[in-house]
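Engineer: The opening residue of the sequence shown carries number 177 in this note's numbering; numbering runs sequentially from there. The beta carbon of each residue, even a glycine, is placed where N, CA and C say it ideally should be.
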Amino acid sequence: MKQKVGFVGVGAIGRPMARNLVRKGFDVVICDIDGARVKGVAADIGAGVAAWPADLAAECRLIVIMVPDAPEVEAVCFGERGIGAGEPQDLLVVNTTTMDPARSRAVAERGSRHGFRLLEAPVTRGVAGAEEGRLCFFVGGDAADLERARPVLEAMGTDVRHVGGIGEGLAMKLVHNVISITTSTLLGEAIALGSRWGLSKRQMLECMKDCNADSYQFRLKLPRMIAGDFGPGFAIDLAHKDLSIVLGIAGRLGTCLPLAATAREALGAARARGLGGLDTCATLLLYERPE
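#1: Give the secondary structure of residue 431 by DSSP, where H, G and I count as helix, E and B as strand, and everything else as coil.
#2: Counting along the chain, where does the alpha helix (DSSP H) carrying residue 451 start and finish?
#3: Run through the stretch 281-313 for me and flag every whole beta strand (DSSP E) of 3 or more residues, listed as ranges in chain order.
#4: Do residue 181 and residue 351 come within 9 angstroms of each other at the CB atom, strictly closer than that value?
#5: Counting Cβ pairs closer than 8 angstroms, one from the stretch 294-307 and one from the stretch 199-213, do we hit at least three?
#6: In the DSSP assignment, the alpha helix (DSSP H) including residue 207 goes from what residue to what residue?
#7: With a Cβ-Cβ cutoff of 9 angstroms, do residue 459 and residue 365 count as a contact?
#8: Which ranges does the alpha helix (DSSP H) cover as unbroken runs of at least 4 residues, wholly within the stretch 177-203, from first to last along the chain?
#9: Span of the alpha helix (DSSP H) holding residue 358?
#10: Assign residue 142 to one of two classes, buried (16 or more other C-beta atoms within 10 Å of its C-beta) or exposed (fewer than that).
#11: For residue 257, which option in 238, 244 and 290 has the closest C-alpha, if you only look at C-alpha atoms?
#12: Does the stretch 396-404 come within contact of the stretch 448-459, defined as at least 3 CB pairs closer than 8 angstroms?
#13: Leaving aside the five residues before and after residue 335 along the sequence, list all residues of the same chain whose C-beta is less than 6 angstroms from its C-beta, in chain order.
#14: Does residue 264 pass the burial test, meaning 16 or more other C-beta atoms within 10 Å, or should it be called exposed?
#15: Does the Cβ of residue 393 have 16 or more other Cβ atoms within 10 Å, making it buried, or fewer, making it exposed?
#16: Can the beta-carbon of residue 272 be found closer than 9 angstroms to that of residue 299?
#17: Taking the straight line between their C-alpha atoms, what separation do you get for residue 371 and residue 442?
#18: Return helix, strand or coil for residue 375, following the three-state DSSP convention.
#19: Starting from residue 239, trace the beta strand (DSSP E) in both directions and tell me its first and last residue.
#20: Using the Cα positions of residue 139 and residue 360, report the straight-line distance between them to the nearest angstrom.
#21: Would you report the Cα separation of residue 421 and residue 344, rounded to the nearest angstrom?
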């Protein structure tokens, strides 16, 4: 019999994640705050629909959450019709949302009083990684819970990396994002400079491969800049959110992160220009098309 898996949040990344679960043979039931979207996604990928997270808790032993931030996770788990209201039994909640590790620990502790366990598994490699089933998960939580969730995670990704306990998977994801977001933001600035000097983006791509300026972000983002492909990938809005989380934590720890702060400022400027829904490579437009 197929394992039934609940899935909350079928946006740009959640939708292909849920699709891959269906393709790998899971009986997937989806739930989303956008009723029209959830019906369209269900028809597209062949999933069932639940009106509320509480309904998922009543029929599933494992639920995946992919929503924007901690407030949405807390609402999904503890809202009036959240998971806790479904009187779950032996339920494992796999939260793939990037959020403050302290709030994840609070969700795990509160969840234990509502009948479910939490495993955090924030993802990287973006929309393309989700569509191609090659996400990487930074896992925080109990090893036994990870083994229980492993078939589900491996249906959506190629790398499952157990970092440690609750909060530690998210800490690793946020450190990762400091590096990737600041690199992507700097790339837009540097490529715009090269363009103003008359260098073509394609020439810069070819010349800098396998040199000191080369990086995963360079090879991922510059081809998109060349193609003018600024559509969904890792949205500027989410990158700004993640750096805001990091800077808040750094403040509590007494740590100064000036480069991350500058990157967040650039992302804020991009949001003010109406670019928040575009991929982080669209920061290039700040410098190529200054107001």
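Structural biologist: In brief:
#1: Along the sequence shown, read from residue 1 onward, the residue named residue 431 stands at position 255. Of the three classes helix, strand and coil, the one that applies to residue 431 here is coil, per DSSP.
#2: The count along the sequence shown starts at 1 and reaches residue 451 at position 275. Unbroken run through residue 451: none, as it is neither H nor E.
#3: 292-296
#4: For the purposes of this step, residue 351 is identified with residue 175 of the sequence shown, where counting begins at 1. For the purposes of this step, residue 181 is identified with residue 5 of the sequence shown, where counting begins at 1. With respect to the 9 angstroms criterion, residue 351 and residue 181 are not classified as neighbours on the basis of their beta carbons.
#5: Here the stretch 294-307 makes no contact with the stretch 199-213; the two share fewer than three CB pairs at distances below 8 angstroms.
#6: Against the sequence shown, residue 207 aligns to sequence position 31. Unbroken run through residue 207 is the beta strand (DSSP E), 203-207; no alpha helix (DSSP H).
#7: For the purposes of this step, residue 459 is identified with residue 283 of the sequence shown, where counting begins at 1. For the purposes of this step, residue 365 is identified with residue 189 of the sequence shown, where counting begins at 1. In this structure, residue 365 lies closer than 9 angstroms to residue 459 by Cβ.
#8: With a minimum length of 4 residues, the unbroken runs of alpha helix (DSSP H) contained wholly in the stretch 177-203 fall at 190-199.
#9: In the sequence shown, the residue the question calls residue 358 occupies position 182. 344-372 is the span of the alpha helix (DSSP H), which, as asked, contains residue 358.
#10: Residue coverage of the chain in this structure runs from 177 to 467, which leaves residue 142 outside it and unanswerable.
#11: In the sequence shown, residue 257 corresponds to position 81, counting from 1. Of 238, 244 and 290, the residue nearest in Cα terms is 290.
#12: yes
#13: Your numbering for residue 335 matches position 159 in the sequence shown. Once the five neighbours on either side are set aside, the close Cβ partners of residue 335 are 312.
#14: The residue labelled residue 264 in the question sits at position 88 within the sequence shown. Residue 264 should be labelled buried.
#15: Along the sequence shown, read from residue 1 onward, the residue named residue 393 stands at position 217. When all chains shown are included, residue 393 counts as buried.
#16: Within the sequence shown, the letter at position 96 stands for residue 272. Within the sequence shown, the letter at position 123 stands for residue 299. Cβ distance < 9 angstroms, so residue 272 and residue 299 count as in contact.
#17: If you number the sequence shown from 1, residue 371 lands on position 195. If you number the sequence shown from 1, residue 442 lands on position 266. Near 19 angstroms, if we compare the C-alpha coordinates of residue 442 and residue 371.
#18: Looking up residue 375 in the sequence shown gives position 199. Coil, per DSSP.
#19: Residue mapping note: residue 239 aligns to position 63 of the sequence shown, counting from 1. Taken as a continuous stretch (DSSP letters only), the beta strand (DSSP E) holding residue 239 covers 238-241.
#20: One cannot answer for residue 139 here, as it falls past the ends of the chain, which runs 177 to 467.
#21: Taking the first residue of the sequence shown as position 1, residue 421 is located at position 245. Taking the first residue of the sequence shown as position 1, residue 344 is located at position 168. Their backbone Cα atoms lie some 15 angstroms apart in a straight line.
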